[in-house]
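Below is one structure, written out as structure tokens; comments come after it.
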Amino acid sequence: MSPEEQLEILKRNAVDLVSEEELLERLKEGRPLNIKLGVDPSRPDLHLGHAVVLRKLREFQDLGHHVILIIGDFTGMIGDPSGRNETRPMLTEEEVRENAKSYAEQAFKILDPEKTELRYNSEWLSPMKFADVIRLAAKYTVARMLERDDFNKRFKEGIPISIAEFLYPLAQAMDSVAIKADVELGGTDQLFNLLVGRKIMEEYGLKPQIVMTMPIIEGTDGKMKMSKSYGNYIAFNDTPKDMFGKLMSIPDNLITKYMRLLTDIPLEDIERYEQEMKERKVNPRDVKMLLAYEITKHFHGEEEAKKAKEEFINVFSKKELPSEMEEVEVINGENIVDLLVRIKAAPSRSEAKRLINQGGVKLDGEKVSDIKYAFKLDGEKVLRVGRRKFYKLIPKS
RNA sequence: GGUGGGGUGCCCGAGUUGGCCAAAGGGGGCGGACUGUAAAUCCGCUGGCAGAAUGCCUUCGGAGGUUCGAAUCCUCCCCCCACCA
Numbered sequence: 000m001s002p003e004e005q006l007e008i009l010k011r012n013a014v015d016l017v018s019e020e021e022l023l024e025r026l027k028e029g030r031p032l033n034i035k036l037g038v039d040p041s042r043p044d045l046h047l048g049h050a051v052v053l054r055k056l057r058e059f060q061d062l063g064h065h066v067i068l069i070i071g072d073f074t075g076m077i078g079d080p081s082g083r084n085e086t087r088p089m090l091t092e093e094e095v096r097e098n099a100k101s102y103a104e105q106a107f108k109i110l111d112p113e114k115t116e117l118r119y120n121s122e123w124l125s126p127m128k129f130a131d132v133i134r135l136a137a138k139y140t141v142a143r144m145l146e147r148d149d150f151n152k153r154f155k156e157g158i159p160i161s162i163a164e165f166l167y168p169l170a171q172a173m174d175s176v177a178i179k180a181d182v183e184l185g186g187t188d189q190l191f192n193l194l195v196g197r198k199i200m201e202e203y204g205l206k207p208q209i210v211m212t213m214p215i216i217e218g219t220d221g222k223m224k225m226s227k228s229y230g231n232y233i234a235f236n237d238t239p240k241d242m243f244g245k246l247m248s249i250p251d252n253l254i255t256k257y258m259r260l261l262t263d264i265p266l267e268d269i270e271r272y273e274q275e276m277k278e279r280k281v282n283p284r285d286v287k288m289l290l291a292y293e294i295t296k297h298f299h300g301e302e303e304a305k306k307a308k309e310e311f312i313n314v315f316s317k318k319e320l321p322s323e324m325e326e327v328e329v330i331n332g333e334n335i336v337d338l339l340v341r342i343k344a345a346p347s348r349s350e351a352k353r354l355i356n357q358g359g360v361k362l363d364g365e366k367v368s369d370i371k372y373a374f375k376l377d378g379e380k381v382l383r384v385g386r387r388k389f390y391k392l393i394p395k396s
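Per numbering that gives the first Met the number 0, numbering through the first sequence is continuous, rising by one, with the last residue being 396.
Now the structure itself:
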């Protein structure tokens, strides 16, 4: 494929590309380029937010390029004071290896293992002496650091920023130096860090890497970016049922964005759906079903995706019971509140009572409205708690 | 090093003439109604325990103290921020 054609494919969906000319030039060299992605080993649960970037990497691979995943074990083992509230836990070497392995396993659901290399950044960061660090730090200024949006904001608002945090972008830049990255990818929130890499590479006499950022996708709540800490994520490892269900719970206005960034559905089709939804020719629910199906299929295969879809339609559209329910043994005479807490359908007795009072607890379709209700089962019954939790109750003799 | 301002429930954020504060408001979460779905919208709930009426227990950075009674006052300690040096 010609460099120009490659560029066309690669720049699709990208938000920033610094710079297009440089990328084209590099593609013209005709060699496999080193494509870098930094990986945080403290969060080995991959979710659809990661998938956006990984899919772009896959495109590079399919065009013959070489992907290098940098496991940030060095920074991980020190503990990352960055971000906001929670300090990330310090990891042992063992944990890091394990997490990295788990990360790779998940990432290979998208990436081609043959064209992927794993590197640990402790390899080059550990041997650095304090003097080396100071020399590195001398190459960047505080003013430039404060250009980073979140630093700037925190500085203005009086939220603490530790010196260590200034060092992290520099450490990340050293990764680029070490592997002589041609291109580094990241989410748009990484733009600043990636650009630091360019500058530092130049300082070390290398050609600056090309920087490409991908959109950040919103999580299932439709507001905040998808992230484990917001609890609005859809994980690679979610069960097909969960994955499908969570995808169905995204707000309608996110449907086509997800399609563009997370599926191979042709662009023309996506645009057509967009149009049809706008003209109300088609029910957004059905388009969303297609989306949920496509993504679930990618991660779990056709078979499972079909099952998940049927299950969803049964339970939520037809209001039937799910095919699989947790089974719970009940002794006759057990109080409903006790049971809810015992099976962890409610975190506390107060919460259980609240659920009952609000009409959220049903036994074989009948609302249970009495807190003092005691079971007297003569056979299996289905207990529904809220909208999503189902239990099969089995009388215990 | 000096001066001043802060640390509140899952998060943000009111509240400091001591009681009416389990603590306003928003977000999130949960439940209900409705629906085209676990979308949107509307209503309600949201520390724990106990319960049909406002009872008890544990919460407002930490440890003590004053008081019939403290998120609110005092002492010491920890942490953050700003300005000056």
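Heads up, the beta-carbon is just placed ideally off N, CA and C, and yes, glycines get one too.
Three-state secondary structure assigned by DSSP to residue i
| i | result |
| --- | --- |
| P80 | Per-residue confidence for P80 stands at a pLDDT of 47, beneath the threshold of 50, marking its modelled position as unreliable; no derived number is given. |
| T74 | helix |
| A345 | coil |
| E28 | coil |
| P394 | strand |
| R279 | coil |
| K317 | coil |
| V38 | strand |
| H64 | coil |
| V329 | strand |
| N12 | coil |
| I355 | helix |
| F129 | helix |
| I69 | strand |
| E309 | helix |
| F389 | strand |
| E323 | coil |
| K240 | helix |
| K371 | coil |
Where residue i falls, given that 16 or more other Cβ within 10 Å makes a residue buried
| i | result |
| --- | --- |
| P43 | buried |
| P168 | buried |
| A136 | exposed |
| V195 | buried |
| L124 | buried |
| I233 | buried |
| E278 | exposed |
| K397 | Because residue 397 is not part of the residues shown, which for the chain are 0 to 396, the question remains open. |
| L26 | buried |
| S396 | exposed |
| L266 | exposed |
| Q171 | buried |
| L9 | buried |
| G218 | buried |
| D220 | exposed |
| F129 | exposed |
| T91 | exposed |
| S18 | exposed |
| E28 | exposed |
| N192 | buried |
| P112 | exposed |
| K317 | exposed |
Continuous beta strand (DSSP E) stretch holding residue i: start and end
| i | result |
| --- | --- |
| D15 | 15-17 |
| Y119 | 115-119 |
| L362 | 360-362 |
| L382 | 380-384 |
Where the alpha helix (DSSP H) containing residue i begins and where it ends
| i | result |
| --- | --- |
| E4 | 2-9 |
| Y102 | 92-106 |
query = What runs of the alpha helix (DSSP H), each 4 residues or longer, lie entirely inside the stretch 134-183?
reply = DSSP runs (the alpha helix (DSSP H)) wholly in the stretch 134-183: 141-144, 148-156, 162-178.
Completely contained beta strand (DSSP E) runs for the stretch 193-234, where each covers 3 or more residues = Listed in chain order, they are 209-213.
key: Touch test, the stretch 255-267 against the stretch 326-336, Cβ-Cβ under 8 Å, three pairs minimum   = Flag = no, the stretch 255-267 and the stretch 326-336 do not touch.
request  = Flag this pair as touching only if the stretch 223-233 and the stretch 44-53 have three or more C-beta atom pairs under 8 Å; answer yes or no.
outcome  = Result yes; three or more Cβ-Cβ pairs closer than 8 Å.
inquiry  = Can you confirm whether the stretch 353-360 touches the stretch 371-387 when touching is taken to mean that 3 or more C-beta pairs between the two stretches lie within less than 8 Å?
reply    = The stretch 371-387 is in contact with the stretch 353-360.
task = Mind the definition here: the stretch 175-193 touches the stretch 154-166 only if three or more C-beta pairs lie below 8 Å; say whether that holds.
result = No: the two stretches stay apart, fewer than three of their Cβ pairs being nearer than 8 Å.
inquiry  = At 4 residues or longer, what runs of the alpha helix (DSSP H) sit wholly inside the stretch 247-300?
reply    = Considered as a whole, the stretch 247-300 harbours 254-261, 266-277 as its complete alpha helix (DSSP H) runs of no fewer than 4 residues, in chain order.
task = Inspect the CB distances between the stretch 92-101 and the stretch 140-154 and report whether three or more fall short of 8 Å.
result = The stretch 92-101 and the stretch 140-154 do not touch, with fewer than 3 CB-CB distances between them shorter than 8 Å.
inquiry  = With three or more C-beta pairs closer than 8 Å as the rule, is the stretch 16-35 touching the stretch 55-75?
reply    = Using a C-beta cut-off of 8 Å, the stretch 55-75 makes contact with the stretch 16-35, since at least three inter-stretch Cβ pairs fall below that distance.
inquiry  = Check whether the stretch 295-313 and the stretch 335-346 touch, using three or more Cβ-Cβ pairs below 8 Å as the test.
reply    = Below 8 Å, too few C-beta pairs join the stretch 295-313 and the stretch 335-346 to call them touching: fewer than three.
query = Can at least three beta-carbon pairs, one atom from the stretch 235-254 and one from the stretch 302-322, be found at a separation below 8 Å?
reply = Contact between the stretch 235-254 and the stretch 302-322 is present: three or more C-beta pairs spanning the two stretches fall below 8 Å.
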